[in-house]
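If you're matching positions, the sequence shown starts at 2 in our numbering and goes up one per residue. Structure record follows, encoded as structure tokens.
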Amino acid sequence: MYKKVSTDMNFVGREKEVEAFWKEHDIFQKSMEEKEGCPEYTFYDGPPTANGKPHIGHVLTRVIKDMIPRYRTMKGYKVPRKAGWDTHGLPVELEVEKLLGLDGKDQIEGYGLEPFIDKCKESVWKYKGMWEDFSSTVGFWADMEHPYVTYDNNFIESEWWALKQIWDKKLLYKGFKIVPYCPRCGTPLSAQEVAQGYKDVKERSAIVRFKVKNEDAYILAWTTTPWTLPSNLALCVNPSETYVKVKAADGYVYYMAEALLNTVLGKLAEEGTPAYEVLETYVGKDLEYKEYEPLYQCAADSAEKQHKKAFYVTCDNYVTLTDGTGVVHIAPAFGEDDANVGRNYELPFVQLVDEKGDMAAETPFAGVFVKKADPMVLKDLDERGLLFDAPKFEHSYPHCWRCDTPLIYYARESWFIKMTAVKEDLIANNNTINWIPENIGKGRFGDWLENVQDWGISRNRYWGTPLNIWECECGHMHSIGSIAELKEMSDNCPDDIELHRPYIDDVTITCPECGKQMHRVPEVIDCWFDSGSMPFAQHHYPFENEDLFKQQFPADFISEAVDQTRGWFYSLLAISTLLFNKAPYKNVIVLGHVQDENGQKMSKSKGNAVDPFDALETYGADAIRWYFYSNSAPWLPNRFHGKAVVEGQRKFMGTLWNTYAFFVLYANIDGFDATKYTLEYDKLGVMDKWLLSKLNTLTKTVDEHLANYRIPESARALQDFVDDMSNWYVRRSRERFWAKGMEQDKINAYMTLYTALVTVSKVAAPMIPFMTEEIYQNLVKSVDASAPESIHLCDYPEVQNELIDEKLEADMDNVLKLVVMGRACRNASNIKNRQPIGQMFVKAGFDLPEFYQEIVADELNVKNVKFTDDVRDFTSYSFKPQLKTVGPKYGKMLGGIKAALDQLDGNAAMDEINETGSLKLDINGQEVTLFKEDLLIDTAQIEGYVSENDNGITVVLDTNLTEELLEEGFVREIISKIQTMRKEAGFEVMDKIKVTYKGSEKAEAVFAANGTQICSEVLAVSAEKAEPAGFVKEWKINGEAVFMGVEKEGR
């Protein structure tokens, strides 16, 4: 019949068998082929870089990106999901530099551009096999056989088409701007790249004395970048703020902002001597054009050569009085605000730092890297008497997202896409996207768009998509949009041209303006443009596959980590808006970062990084998948640790697996074949109807949640159902499976549980694809050759609304509430579950039919359950004020409130709360109203009774035990101990046994009086008072000594 099921938790071994089955039978491919002609649901896979290893965060992205397409496939959609590889850019170049022992651009060019590019091409596939194995192990289904590759000629040609469209719209331009620049990599970075590399650093700022010309006074100015001071050309104040001239206690006369006097000069005060004396007061505009002496001669020499005036006070509203002195030093080559001031006042351009980030030869710090020059500049100024102070400060500073070098803001010529021109379109298109969660789309991402900057698209590097602009010495520039256009305009373009440096650099075209040769500009483009172009470039659109592109654009669904709001999410939207003025994706699930169990960022250097392969080998893919689905909302940071994974595996997967194993065990004993029977609803009992109702409610609930990308809610619904199925339905139905023969009630139990197991496996299949496949193959495919080959080729279960009985579910929910409260009463009274109790009283806003009362009684081992309107004979209530709510409202009256609550009739007060929702008190003639949340309510116990109260329900257990009840409890303990011994002796479920016993007088008397019942319960043919034989054990039951032996019949 069914394959025997082991109850061990070796999910990893079974997953490997399922993975091999999928590969051997091409299940993924079949899942695509079988949906040919069905409506399409498009998923875009954000491309990883295959020259780096997967980390644990990639497991999260893989399992979210796999689950939604699996679900949509089961819902009848064809879900194309082409894998992709991000192959260009700095990450690859830096890896190759490391491999070749090179450091920087000079050494790369010395090594040779062509061999370097070849190495880059090799490097991007370094871990391709590892990524493919990783994806397969985690159960991520995508077309790995035909991926899109961003370095492919067809992909680049599509990007060239896109860039030409942008060029033709006059949105691609060359500009001399302050750009974030990595001196180590020798290239500018885009704003979105900068946003990914901020670090908190501690540095020294500088408050510098600038000597006023022809006056014995100094202007105090502040900077956080001392290395820029040798390039100083001006100072800047806010034109509307108040500034003062003061005589300070250090003997100097200073100009600075009035609001910051105490902050800056306050430390100069001594006993009896003020820190300063105000001499004159101005508005900032009054100081405009006040001249000062150059701080460094090198800057003065450079300014003089340009015949432009410098070294005076300027005005701009960007200057604030939150920090520093209210006066800012201006070096127009090293900051956007500085550059704006420089343009407004036509200051000279002085850039005394080279492209490697080293101080220029003209400075006193020649050849020193800028950040290392900071302390040298401070020391020099101090020795010259020009450094007032160098306060330490901590701030967030941008570093290169790939090589970790501090960035500098540096004026240089770069290429930009004018995103500011399409800002309103970006915002409008973003508003059409369903962001999960919504607040990231409106907040983090929406704010980014509100403050959008022009996209610095060019990189002064080698391995990337070449910028498709050719320029002529006559000044004409031309954008090439295709290989065909390039060949048409060029006399020396090879037929098999590769669209990479250095090959493309050799191709010239004829200038249509003057007839001379045009050469391609040297830059390549930002690799984020590559990944952002994948919706069309993966299809080589517009050169082919036009219908396919239109069919699969925009995507129905994408998902990546939250940092992609500055990366892929943005580049996709930016390019799509520029080309099609349309959002490129409809729904996006944003994922939080995976942290260690203490909430710390994982890193190899900290030693807290989790190797994904080790984790998968230890816990299995399903367990980790389930953890990520159920642990928290996907967009929140996820604290990953083994204990939590194992706990989730035990509670959900272990419970489902053990229920499945239970079914298979007894179905095989009875030779039960589900295909030989049909589920006849009219013949079912209440428990069966309840489970089928819950099953269809679950199917409907999970379908609604997944259709709306509510993942944790789906997981919770599944977990709750599996818990109900195992710990309620199976527990309540065990004896039906143990019954002899194959009566209708037993068939009903088998068919109900079989239906539930198969259906819940299909509902859970997108989430835990391996285990559900194993269950399906055994329960369905092994007995029905005509069934689909895999659970992942099945449709999502149809909801049978006629089987949903809300009243039945509500009644059973109430039963479960009473059982939970009854168990709490038992725990409070320290009475074991096997000890029968005579009476249970219930006061509630509902009643239950007798059948349900019998379930409660049986479950709690209570002889009788009685519903009553009054439990005041057995229990009362006491009240205390909830200080955190009552204190703020009533303050000084708190003592009176406490005293009044102590005097209340507890039952009458509880009645008032249940009827009106509040309690009214008279405190010294003033009425005080307390709501339920204002009160700490305790149930006061009356001797011989134990009670529990929750949400208007009160349960009372009568804990007075008669001799008859005590003997019945003793019998149940004996039965339990014999069942334990059967298991420990290794007997099979259906083995018949003989029991021998001896013990205290009371124990032997109980055995003698109840032998028939004991034998019936433990499958024993006899229970004799004799020397225990076979498997022997000594027990203490209710304080009485008992020796028992069990052995198989016939020994």
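Every residue gets a Cβ at the ideal spot worked out from N, C-alpha and C, and that includes glycine.
Distance, residue j Cα to residue i Cα
i, j, result
"Ser206", "Arg445", "30 Å"
"Leu696", "Leu780", "17 Å"
"Asn52", "Met131", "10 Å"
"Gln650", "Tyr661", "15 Å"
"Glu35", "Arg82", "15 Å"
"Gly58", "Ser633", "15 Å"
"Ser560", "Asn440", "16 Å"
"Leu95", "Phe29", "36 Å"
"Pro231", "Arg502", "37 Å"
"Ser631", "Ile712", "8 Å"
"Ala718", "Tyr777", "20 Å"
"Gly482", "Tyr411", "31 Å"
"Asp359", "Val371", "6 Å"
"Met145", "Val80", "15 Å"
"Gly568", "Tyr504", "29 Å"
"Ser1", "Val195", "Since the first residue shown for the chain is 2 and the last is 1052, residue 1 is missing from the structure and cannot be characterised."
"Gly285", "His330", "15 Å"
"Gly14", "Ser727", "24 Å"
Top-ranked residue by Cα proximity to residue i, from the options
i, options, result
"Ala391", "Ala662, Leu1020 and Leu379", "Leu379"
"Ser715", "Phe722, Asp721, Val723 and His706", "His706"
"Trp471", "Tyr777, Trp161, Ala270 and Lys602", "Trp161"
"Ala528", "Gly105, Asp119 and Leu190", "First, the residue type needs correcting, since residue 528 is Cys and not Ala in the sequence shown. Nearest option by C-alpha distance: Leu190."
"Phe1032", "Tyr630, Tyr72, Thr997 and Glu278", "Thr997"
"Leu809", "Met822, Thr773, Asp848 and Tyr777", "Asp848"
"Lys946", "Phe842, Val139, Ile976 and Thr8", "Residue 946 is actually Tyr in this sequence, not Lys. Taking only the C-alpha atoms, the option nearest Tyr946 is Phe842."
"Gly476", "Tyr710, Arg521 and Leu266", "Arg521"
"Ser734", "Asn749, Gly742 and Gln720", "Asn749"
"Ala1030", "Ala986, Lys867 and Ile776", "Ala986"
"Thr679", "Tyr410, Gln745 and Arg344", "Gln745"
"Gly846", "Tyr244, Val816 and Asn834", "Val816"
"His147", "Trp86, Met813 and Lys122", "Trp86"
"Asn961", "Thr566, Gln840, Thr700 and Val1022", "Gln840"
"Gly386", "Glu524, Leu261, Val508 and Asp251", "Asp251"
"Gly105", "Thr406, Ala1024, Leu280 and Pro227", "Thr406"
"Thr773", "Asn345, Asp531 and Ile792", "Ile792"
"His400", "Gln197, Phe570 and Ile838", "Gln197"
"Thr869", "Lys844, Pro889, Gln883 and Glu860", "Lys844"
"Ala766", "Glu18, Gly47, Pro70 and Pro513", "Pro70"
"Thr8", "Lys701, Gly655 and Asn925", "Gly655"
"Gly643", "Ala610, Phe663, Gly672 and Trp1036", "Ala610"
Residue(s) in a DSSP beta bridge with residue i
i, result
"Gln518", "Thr511"
"Gly1000", "Val1043"
"Leu221", "Arg210"
"Trp1036", "Val1043"
"Lys203", "Glu395"
"Gly621", "None, per the DSSP bridge assignment."
"Gly945", "Note: Gly945 sits in no beta bridge, so no partner."
C-beta neighbour in chain C for residue i, strict 8 Å
i, result
"Thr886", "Protein chain content of the structure displayed is limited to a single chain, and chain C is not contained in it."
* Asked: Which ranges would you report for the beta strand (DSSP E) in the segment 35-99 if only whole runs of at least 3 residues count?
  -> 83-86
* Asked: Taking three-plus beta-carbon pairs below 8 Å as touching, is the segment 620-640 in contact with the segment 589-596?
  -> yes
* **Complete beta strand (DSSP E) runs within the segment 421-507 (minimum length 3 residues, chain order)** => 435-437, 470-472 and 478-480
* contact_flag[the segment 681-696, the segment 616-626] where n(CB pairs < 8 Å) is 3 or more -> no
* Pairing CB atoms from the segment 228-244 with CB atoms from the segment 425-432, are three or more of them under 8 Å? -> no
* Asked: Is the segment 70-85 touching the segment 790-810 in the sense that three or more CB pairs, one from each, lie closer than 8 Å?
  -> yes
* To do: Say whether the segment 820-836 touches the segment 949-967, bearing in mind that this needs 3 or more beta-carbon pairs closer than 8 Å, one atom from each stretch.
  => yes
* For the segment 211-227 and the segment 292-300, state whether three or more C-beta atom pairs, one from each stretch, are separated by less than 8 Å. => yes
* **Runs of alpha helix (DSSP H) wholly within the segment 752-796 (minimum 4 residues, chain order)** => 770-777
* Would you check if there are 3 or more beta carbon pairs closer than 8 Å linking the segment 863-878 to the segment 925-933? => no
* Between the segment 320-340 and the segment 255-262, do at least 3 Cβ pairs fall closer than 8 Å? -> yes
* State whether the segment 163-174 contacts the segment 96-116, with contact taken as three or more CB pairs (one from each stretch) at a distance under 8 Å. => no
* If you scan the segment 684-747 from start to end, which runs of the alpha helix (DSSP H) of 4 or more residues do you find wholly inside it? -> 687-708, 712-725 and 732-739
* alpha helix (DSSP H) runs wholly inside the segment 642-686, at least 4 long, in chain order -> 643-649 and 656-671
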